[in-house]
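Working notes for the structure below.
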Amino acid sequence: MDVARDLVVPWGAALQPGTLERCFSAPHRDDVAFIDLAHVTWVQPYGLTSLAVFAESQLRMGRDVVLERPKDDSVANYLSRMGLGGVISDIGGRHDLPSVARYPSDELVELQRFVSPDQSDTLGQMVYNKIVDSDEGMADALNQSIAEMGQNVPEHSGVVNGYFAAQTTYRRKQVSFSIGDSGVGLTASLAGAGLTFADDAATLEAVMKGGVTRTGEDGRGKGFVTARDKIVGMSGTFFYQSGEAARFEQQTRPVTKRSDPDRAFPGTVLQGRFNC
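Right, here's the structure in full:
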């Protein structure tokens, strides 16, 4: 369920997996959702997709969305380069991000709104290209997993579109990618197919064990698990968040966290991060 609220990033904070819910606050105005990025220090792909998901959820409630740019020019320019301003404008929000040059690059995938599973091919291809020379089998598996995750959005989320973004950092040696949507969330989606769980945390844990799928088709429902296994196997991290729960996985023991209802994520989002 959509909840009217503002999003204010604390001073010195980065938008990375597990941080968005800390930024939620009671709305200052009923008719306007403020996204205050003035003090943000960095934004990972998770942050980009999450900001788009949050904005979309507030617009759906009939609220205007107003995004305030970071005071740090380098961060503001980066957000513009990654297409955040364009997406916010396209879905009906307002922002004061600067205008910067945008040019083709194989080191990033700008934040994009997608309505067809085929559009997520851009993301899968970028990840594939980064690791195919070192492990073609791994590259194929991740590409296929990303395709399935993109397909899940229009088929199961209850909304017609999702968002994705990716970037490389640490001198092009680390890849981070994210996919998110402002849909009904995993628990409600699976409940529509007769699969019920105690809460969002139980749903996440069941999905990440594998074999849980809304369609019941053989081979479906493995995209998240395959991506998680491959990424964690490369000493990477995999983060998955839906509603009132989030799950963080790496080579050590996975951690599932619950949040209060008023800090629930407005949909579903994931981020994978690994060295290449």
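Take any residue in the sequence shown, count from 1 to its spot, add 3: that is its number in our numbering. All C-beta atoms in this analysis are idealised placements derived from N, C-alpha and C, irrespective of residue type, glycine included. Quantities reported herein were computed from a predicted structural model and do not represent experimental measurements.
Within the model, the alpha-carbon separation for Leu82 versus Lys212 is close to 35 Å. Ser123 and Tyr49 have their C-alpha atoms some 16 Å from each other. Contact between Leu189 and Thr206 holds, with the beta-carbon distance rounding to 5 Å and staying under 8 Å. Taking each of Glu208, Arg116, Lys176 in turn and checking the Cα distance to Tyr166, the smallest one comes out for Arg116. Straight through space, the alpha carbons of Pro20 and Thr240 are spaced by roughly 10 Å. By the criterion of at least three beta-carbon pairs nearer than 8 Å, the stretch 150-162 is not in contact with the stretch 25-37. The beta carbons of Arg261 and Glu252 sit no closer together than 8 Å.
For Gly275, the enclosing beta strand (DSSP E) has its first and last residue at 268-278.
In this structure, Lys176 is the residue among Lys176, Val162, Thr125 with its C-alpha nearest to the C-alpha of Ile134. Residue burial annotation: Asp9 is buried, with at least 16 other C-beta atoms found within 10 angstroms of its C-beta. Judged by DSSP in its simplified three-state form, Ile234 adopts helix. In the DSSP assignment, Tyr106 falls outside any alpha helix (DSSP H) and carries neither an H nor an E. Beyond the five residues adjoining it in sequence on each side, Phe242 comes within less than 6 Å, by CB distance, of Pro20, Phe251, Gln274 in the same chain, given in chain order. Within the DSSP bridge table, the entry for Phe200 names no partner. CA-to-CA, the gap between Ala201 and Val235 works out to about 27 Å. Annotation: the continuous alpha helix (DSSP H) that includes Ala194 extends over 189-194.
According to DSSP, residue pairing for Arg261 in a beta bridge involves Ala248. 8 Å or more divides the Cβ of Arg84 from the Cβ of Arg97.
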